[in-house]
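Those sequence lines, one after another, are chains C and D.
Going by the working numbering, 160 is the number at position 3 of the first sequence; the sequence numbering is gapless.
Going by the working numbering, 231 is the number at position 74 of the second sequence; the sequence numbering is gapless.
Everything below concerns the one structure shown next.
Protein chains: 2
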Amino acid sequence: MRESVGFSIKEAAVQSDLSEDTIRYYEKIGLLPQADRKKNRHRIYHPEDLTVMKLITCLKKTGMSLDEMKPFLGLTYESDLTEHPDLQVKLQQHKENIQHQINSLQMIIDVIDSKMTSGSMLPEACVLAEPTKRVPRVGHSG
Amino acid sequence: MRESVGFSIKEAAVQSDLSEDTIRYYEKIGLLPQADRKKNRHRIYHPEDLTVMKLITCLKKTGMSLDEMKPFLGLTYESDLTEHPDLQVKLQQHKENIQHQINSLQMIIDVIDSKMTSGSMLPEACVLAEPTKRVPRVGHSG
DNA sequence: ATAAAACTTGGAGTTGACTCGAAGTCAATC
DNA sequence: GATTGACTTCGAGTCAACTCCAAGTTTTAT
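Okay, here's the thing in structure tokens:
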């Protein structure tokens, strides 16, 4: 194998927007596979490793914990998700969670938009069934 | 003031989907105002307090830290956001962050949809410029 | 009188996700 | 030989955000 092909951990860190320590930590906890090594034991990362790192960052943004990600990251292109109905169910559930998140975030954007014009921070729409008129003391003692 | 009007901390916990300990913690760190008290020093929460609690939960979902929330929670209905241009800027920035989050989440939903049918977990679209063909080792050693 | 329930406060502990420092190896350079 | 740079591993520390425990008060019921 040509050792010059691949990225150092520093280069992988730059490209994946993760720190070197985080990459080592992810390998340690099994989120990333054991990296290839040079003779001097330096890690070598391939483009597909960076793909996984970016996927991890994406999934984090959805609120999935590092532990929850593991089963999904354990699949390769060859793996067929249909052979893992348990993961399919989890993925479907996570998709619905994400949709809920999107809905909540959209509501908050709507609230921010309306409050940018009307002035107050407190929303009427955010997960609330009924609007409220007055918050007597927020900020007073703070 | 009629002491019977209001919710106990247990009732507030149920309605806000926060634990009693979390509500006390939020008051302690100044995220929530000092609560009204009964003669026996039990806290009393009013509907508007629950509104703030729900707003906090909402903002958490957007990734805003508890510390970052404080300036916004310090505003009441009477306060005019236009008197706080610094907070307006922050709010605008947060809104854009939320929009980015929504875009990322939507992309992940799209990836999940396509992978639910094609089988592999690794996305081509998720924050990636170029697709990758093969991930040789994810899951092998793990 | 005791017991139970529902709360209080203060302080410490837990969890997840990193982050840092110490001590080390190897290769390159002088 | 020493020095430097780029990495290594291990173990501990940090941070944010809770969560738990002990000891207490008040109210109510028996």
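Glycine is no exception: its CB is placed at the ideal position from the N, C-alpha and C atoms.
Tell me which residues share the same chain as residue i and place their Cβ nearer than 7 Å to its Cβ, disregarding the 5 neighbours each side in the sequence.
i              : result
V284 (chain D) : For V284 (chain D), the pLDDT reaches just 39, beneath the cut-off of 50, and the residue's location in the model is therefore unreliable, although a value from the coordinates is still provided. Result list for V284 (chain D): empty, nothing under 7 Å.
P242 (chain C) : none
Spell out whether any CB of chain D is found under 7 Å from the CB atom of residue i.
i              : result
I201 (chain C) : no
K252 (chain C) : yes
Q172 (chain C) : no
S306 (chain C) : Nothing about residue 306 (chain C) can be reported from this structure: the residues present for chain C run from 158 to 299 only.
I213 (chain C) : no
Would you mind stating whether residue i and residue j have Cβ atoms separated by less than 7 Å?
i              : j              : result
I255 (chain D) : K252 (chain C) : no
Y262 (chain D) : I213 (chain C) : Contrary to the premise, residue 262 (chain D) reads as Leu rather than Tyr in this sequence. Going by C-beta atoms, L262 (chain D) is not nearer than 7 Å to I213 (chain C).
L244 (chain C) : P228 (chain C) : yes
I166 (chain D) : E184 (chain D) : no
M221 (chain D) : L175 (chain D) : no
H203 (chain C) : G231 (chain C) : no
L223 (chain C) : L189 (chain C) : no
L248 (chain D) : I180 (chain C) : no
Contact criterion: CB-CB distance below 7 Å. Does residue i meet it with respect to chain C?
i              : result
T179 (chain D) : no
K218 (chain D) : yes
I255 (chain D) : yes
S248 (chain D) : Here residue 248 (chain D) is Leu; the residue named in the question, Ser, does not match the sequence. So, interface residue.
I323 (chain D) : Any answer about residue 323 (chain D) is impossible in this case: the structure gives chain D only from 158 up to 299.
I306 (chain D) : Since the first residue of chain D shown is 158 and the last is 299, residue 306 (chain D) is not available in this structure.
Taking 6 Å as the cut-off, is the C-beta of residue i nearer than that to any heavy atom in the ligand FAD?
i              : result
F164 (chain C) : The model on display carries no ligand, and the ligand FAD is accordingly not part of it.
Have a look at the options and flag the residue whose alpha-carbon is nearest the alpha-carbon of residue i.
i              : options                        : result
D206 (chain D) : D:A169, D:I186, D:Q249, D:S271 : D:A169
H257 (chain D) : C:V246, C:T239, C:T208, C:K218 : C:K218
I186 (chain D) : D:N197, D:E225, D:S173         : D:E225
T208 (chain D) : D:S271, D:Q172, D:V246, D:Q250 : D:Q172
Ignore the nearest five residues each way along the sequence and tell me which others in residue i's own chain have a CB closer than 6 Å to its CB.
i              : result
D193 (chain C) : I201
Residues in the same chain with beta-carbon distance under 8 Å from residue i, minus the five sequence neighbours each way, listed in chain order, please.
i              : result
H199 (chain C) : S165, I166
T239 (chain D) : Q245
Q191 (chain D) : E184
May I have a chain-ordered list of the beta strand (DSSP E) segments no shorter than 3 residues that lie completely inside the stretch 217-251 of chain D?
-> none
Secondary structure, alpha helix (DSSP H): runs of 4+ residues fully inside the stretch 160-190 of chain C | 166-173, 177-185
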